[in-house]
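Enquirer: These protein sequence lines map, in sequence, to chains A and B.
Under our numbering, the first residue of the first sequence carries the number 1, and numbering increases by one thereafter.
Under our numbering, the first residue of the second sequence carries the number 1001, and numbering increases by one thereafter.
By construction, the Cβ of each residue, glycine as well, lies at the ideal position given by its N, Cα and C atoms.
Model, not experiment: these values are computed from the prediction.
2 protein chains.
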Amino acid sequence: MDNDAALKRLSALAQDSRLAIFRLLVKAGPAGVAAGDIARALDTAPNTMSAQLLVLANAGLVRARRAGRSIIYAVDFSAMSALLVFLTEDCCGGRPEICAPVIASAAACCPPRKSRRA
Amino acid sequence: MDNDAALKRLSALAQDSRLAIFRLLVKAGPAGVAAGDIARALDTAPNTMSAQLLVLANAGLVRARRAGRSIIYAVDFSAMSALLVFLTEDCCGGRPEICAPVIASAAACCPPRKSRRA
DNA sequence: GCGATACTTCATGAATTGTTGAAGTATGGA
DNA sequence: TCCATACTTCAACAATTCATGAAGTATCGC
Chain A
1 MDNDAALKRL SALAQDSRLA IFRLLVKAGP AGVAAGDIAR ALDTAPNTMS
51 AQLLVLANAG LVRARRAGRS IIYAVDFSAM SALLVFLTED CCGGRPEICA
101 PVIASAAACC PPRKSRRA
Chain B
1001 MDNDAALKRL SALAQDSRLA IFRLLVKAGP AGVAAGDIAR ALDTAPNTMS
1051 AQLLVLANAG LVRARRAGRS IIYAVDFSAM SALLVFLTED CCGGRPEICA
1101 PVIASAAACC PPRKSRRA
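(1) Ignoring anything shorter than 3 residues, give me the beta strand (DSSP E) runs that lie fully in the segment 25-99 of chain A, in order along the chain.
(2) Select from the segment 73-94 of chain A all residues with a C-beta closer than 7 Å to any C-beta belonging to chain B, and list them in chain order.
(3) Is any beta-carbon of chain A found at less than 9 Å from that of B/R1065?
(4) What separation, rounded to the nearest whole angstrom, lies between the Cα atoms of B/Y1073 and A/G36?
(5) Going straight from the alpha carbon of A/L13 to that of B/K1027, what length do you get?
(6) Return helix, strand or coil for B/D1016, following the three-state DSSP convention.
(7) Please classify A/D4: does DSSP put it in a helix, a strand, or coil?
(8) Interface residues of chain B around A/L10 at Cβ under 8 Å?
(9) Verify the CB distance criterion: does B/L1007 have a CB-CB separation below 9 Å to chain A?
(10) So that I know if they touch, is there some Cβ in chain B lying closer than 9 Å to that of A/V33?
(11) If you draw a straight line from the C-alpha of A/R69 to the C-alpha of A/A34, how long is it?
(12) In angstroms, rounded to a whole number, what distance separates the CA positions of B/M1080 and B/R1023?
(13) Give every residue of the same chain whose Cβ lies closer than 6 Å to the Cβ of A/I71, excluding the five residues on either side of it in the sequence, and list them in chain order.
(14) Find out if the Cβ-Cβ distance for the pair B/L1056, A/L7 is shorter than 9 Å.
(15) Please list the residues of the segment 1035-1058 of chain B that have a C-beta atom closer than 8 Å to any C-beta atom in chain A, keeping them in chain order.
(16) Taking the C-alpha atoms as reference points, what is the distance between A/N58 and B/N1047?
(17) Taking 9 Å as the CB-CB limit, is B/G1060 close to chain A?
(18) Near A/M49, what residues of its chain come up, given a Cβ to Cβ distance below 7 Å and the 5 sequence neighbours on each side ignored?
(19) Report the residue from A/Q52, A/L83, A/G29 whose alpha carbon sits nearest the alpha carbon of A/L5.
(20) Taking the alpha-carbon of B/A1051 as reference, which of B/Q1015, B/E1089, B/D1002, B/L1010 has the nearest alpha-carbon?
Encoded structure:
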């Protein structure tokens, strides 16, 4: 991922409503949520919502697909992943022990089920 | 980390020079870099740089410490970590297999040295 | 085809942000 | 104390971004 793309994604996320939309979609997962449902959930006008979703889509963070009259938006998890990688790039500087905690806490979102050490 | 803090951090990073500064400091690690050196490295006026660094510092992403006449800036890795966690929060939605690749690729920045498979 | 629903696009005005020059503060050396 | 270096702060202008109302496009059921 290049600098411009990263900047576009960060700018897209750096706004109250859009960050809320993104987090809602992250929680919703690959199934996604219809534009209208997002608008209602966040109490936003449909046209405003549409503009916000366009920004997120142009940044590559979400993808739109039509389903009947609705348009379903879902997070592009690989794009999200690429952004995290970009931000942590070369964070080691030859010292993995420094950035290891960063990765560890990010991984905490998904505790492995089988070996749950207290 | 709350929504406002995350928003402040994303806004701080969502700007060309500041993203460059941040990445430079990520690479530099805990030792940090003097404000003047950052300004020279990125070919930016000292006062402009000062304003940018202030934004990053107010967002909590970097910390400043004085060393003689210089002021050294360094990334606050725990703040950076908290932001990544915030963005990936509840990304599982009960399905770790979805967000696992996200974490895995972020972790790729720090390949474990001892067991280098492949 | 017609009307209703679901969203998007466009144009406008208000607010926020970024850069610059000038002036100010802090440290170190003579 | 005096000067130079290293940064920061202030004030002001230019550029970008955001929300809104009005109008437009696509789909569905009748």
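Expert: The structure says:
(1) The segment 25-99 of chain A is shown to contain whole beta strand (DSSP E) runs of 3 or more residues at 62-67, 70-75, in chain order.
(2) F77, M80, S81, L84, V85, T88, E89, D90, C91, C92, G93
(3) No, no contact with chain A.
(4) 45 Å
(5) 23 Å
(6) helix
(7) In this structure, DSSP gives A/D4 a helical state, which the three-state scheme calls helix.
(8) L1010, L1013, A1014, L1019
(9) yes
(10) no
(11) A/R69 and A/A34 have their C-alpha atoms some 10 Å from each other.
(12) Taking the straight line from one Cα to the other gives about 11 Å.
(13) Here the set comprises A35, A64.
(14) no
(15) For the segment 1035-1058 of chain B, the beta-carbon criterion of a distance under 8 Å to any beta-carbon of chain A is satisfied by none of its residues.
(16) 33 Å
(17) no
(18) So the qualifying residues of the chain are A35, I38, A39.
(19) The question names Leu, yet the displayed sequence has Ala at residue 5 of chain A. When each option's Cα is compared against that of A/A5, the closest is A/L83.
(20) B/Q1015
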